[in-house]
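A short write-up of the structure that comes next.
Residue numbers (my numbering): 64 to 179.
Have a look at this one:
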């Protein structure tokens with residue numbers, strides 16, 4: 064989780080998301096940095112629009128409160144580009160956590176949940 068937080072800090076401060084910067088933030092926070100996890104995170108976030116992912120995560124709780132029928136209509140009306148971004152976000156979260164645990168995947172954890 065702290066790896067994603069480091070990426071968010073860098074994004075918010077306008078710094079480049081690269082291995083050196085993420086490692087520096089993590090080391091400053093006293094985290095034992097695993098180079099492979101940093102590389103996986105940078106690779107996973109390469110094609111992700113973090114600003115869009117944050118906005119999507121912020122909108123998710125409001126959409127969930129709207130009710131079941133509205134959620135179903137939103138799923139049917141989604142375009143392919145949104146689905147691709149969601150898949151990339153989920154992949155980034157799985158790589159950051161370092162595993163393919165199906166229980167976590169079934170619970171709906173994704174990069175958007177980490178931002179929220």
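Beta carbons: idealized from backbone N, C-alpha and C, even for Gly. Predicted, not measured: the structure shown is a model, and the values here were computed from it.
Does residue 84 come out as helix, strand or coil in the three-state DSSP assignment? helix
In whole angstroms, what is the alpha-carbon distance linking residue 100 and residue 123? 27 Å
Do you know how far the Cα of residue 88 is from the Cα of residue 69? 6 Å
Distance check for residue 81 and residue 93, CA to CA, integer angstroms please. Put simply, the backbone Cα of residue 93 is about 19 Å away from that of residue 81.
What are the boundary residues of the alpha helix (DSSP H) that residue 99 is part of? 98 to 108
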